[in-house]
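Here the sequence shown is numbered in this note's numbering, starting from -11 and rising by one per residue.
Below is one structure, written out as structure tokens; the observations come after it.
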Amino acid sequence: MSFTLGEISRLLQGRLHGDPGTVIRGAAINRDAVAGQLTLADSEKAIAKLADCGASAVLIAKGLSTGLMPSIEVDDVTSAFARAVELFRPRIREAHQGVSQQAHVDPTARLGDRVTIFPGAYVGPQVTIENDVTLHPGVCVMAGSRIGARTTIFANAVLYEGTEVGTDVLIHANAVLGAYGFGYDSRSGRHLLSPQSGYVRIENQVEIGAGTTIDRGTYGPTVIGEGSKLDDQVMVAHNCRIGRHNLLCSQVGIAGSCTTGDYVVMAGQVGIGDHVDIGSRTILGAKAGVMGNIEGDAIYVGIPATPHREQMQKQAAWAKLPEMRKEFKALQKEVELLRRRLEASGQRVDAPRSDAA
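Structure (structure tokens):
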């Protein structure tokens, strides 16, 4: 599949600089691009790297220019490049297939229009599935769950009983929603499972990554707020309330009964202690360990998590510790030498008082 640069420019509604007849057969980022492909540059730094790039043309952000190769100037280079990639690698979308005879759908389940259920999927009793939902092979939807319109659930994901999923939700393979929370009562030397009669509620336009687990509430819901995106292998424990439009990167772990505001960002491997409240628009750096409440509108990093500026000051001081230790040892030697000289001259040397001001 190929397009001329002029055709691509018209499709992207960009401004062409160079030969419109240049033939483009693919699209790739700078380091991977070869002759016949289109690449992108969104900054002066990226423009400078084009000298070592083999691409035949480049998408550039508005206001940039390059004489190294033909270019198309666009307002939003990132979204325009995504559209260009799809020209050459269109997604393979499976046509509506209906309900496979190799799937198990309980007679009491209610299915909307244009629902697709692939072989090997299980839909339990009293489940409600709205229009245009797709369940891939091996998906298990247990009793009483509800799935909103236009939701897609990929292979082998599990929705425990009573799980509620909103509209336009994307759940990737092997995610588990509604497993029992890690809550135990210790009695007579034994750990007894506490009540796990709650459920999980996923609000509209949420995306849940592969292998992510969200435990049910003890009595009420564990909630993932509208528009939030959870990466692969994220753990959200029982009774948590995740706000709207949060971003949780891979291997984030959130202990029970935590709450977050809106637009919170957690980088990879962030750990949150139980019963912690995190305010809106907080950013937590990678591996941050949060042990207390955070009011919001701040960047926290480190273990324990502290404001970014404070943590950087600590790191700067930490880096100087070896040098400071050498200086301290040298000062100790000088003080000891001075003490000996004073004693040798017959002067009295009193030990420093511990309560000196």
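For every residue, glycine included, the Cβ atom is placed at its ideal position computed from N, Cα and C.
Helix, strand or coil at residue i according to DSSP, with G and I counted as helix
i, result
"Gln25", "strand"
"Val240", "coil"
"Gly197", "coil"
"Ala131", "coil"
"Ser185", "coil"
"Glu191", "coil"
"Glu(-5)", "helix"
"Arg328", "helix"
"Thr66", "helix"
"Arg175", "strand"
"Arg229", "strand"
"Met(-11)", "coil"
"Gly267", "coil"
"Ile282", "strand"
"Asp203", "strand"
"Ile17", "coil"
"Leu218", "strand"
"Val73", "helix"
"Ala167", "strand"
"Leu52", "coil"
"Val323", "helix"
Whole-angstrom C-beta distance between residue j and residue i, which should lie under 8 Å
i, j, result
"Leu26", "Val46", "7 Å"
"Ile230", "Ser245", "Contact doesn't hold; Cβ gap of about 12 Å is too wide."
"Thr206", "Gly186", "5 Å"
"Pro113", "Ala137", "Not really, about 21 Å apart at Cβ, beyond 8 Å."
"Asn192", "Gly154", "4 Å"
"Gly277", "Pro292", "6 Å"
"Arg134", "Asn119", "Incorrect: roughly 13 Å between the Cβ atoms, too far for contact."
Boundaries (first-last residue) of the beta strand (DSSP E) holding residue i
i, result
"Arg389", "Absent from the model: residue 389. The displayed extent of the chain is -11 to 345, so no value can be given."
"Glu61", "Ser59 to Val62"
"Arg178", "Arg178 to Leu181"
"Ile212", "Pro209 to Ile212"
"Ile48", "Ala45 to Ala49"
Residue i at chain C interface by Cβ criterion, 9 Å
i, result
"Met130", "No chain C appears in this structure, which consists of one protein chain only."
Delimiting residues of the alpha helix (DSSP H) encompassing residue i
i, result
"Ile291", "Counting along the chain, Ile291 falls outside any alpha helix (DSSP H), and DSSP gives it neither H nor E."
"Glu82", "Counting along the chain, Glu82 falls outside any alpha helix (DSSP H), and DSSP gives it neither H nor E."
"Ala91", "Ala91 -> no alpha helix (DSSP H), and no H or E assigned at all."
"Lys33", "Glu32 to Ala36"
Whether or not the segment 20 to 36 and the segment 98 to 107 are in contact is what I'm after, with contact meaning three or more pairs of Cβ atoms, one per stretch, closer than 8 Å; do they touch? no
Contact between the segment 121 to 137 and the segment 167 to 186 is defined here as three or more beta-carbon pairs at a separation below 8 Å; is this criterion met? no
When the Cβ atoms of the segment 59 to 69 are set against those of the segment -3 to 10, are three or more pairs found closer than 8 Å? yes
Length-filtered (4 minimum) alpha helix (DSSP H) runs lying within the segment 97 to 165: none
Contact the segment 251 to 268 vs the segment 295 to 308: 3+ CB pairs below 8 Å: no
Quick one: any contact between the segment 36 to 45 and the segment 66 to 73, if contact means 3 or more CB pairs under 8 Å? no
Using 8 Å as the Cβ pair cut-off and three pairs as the minimum, do the segment 233 to 242 and the segment 251 to 259 touch? yes
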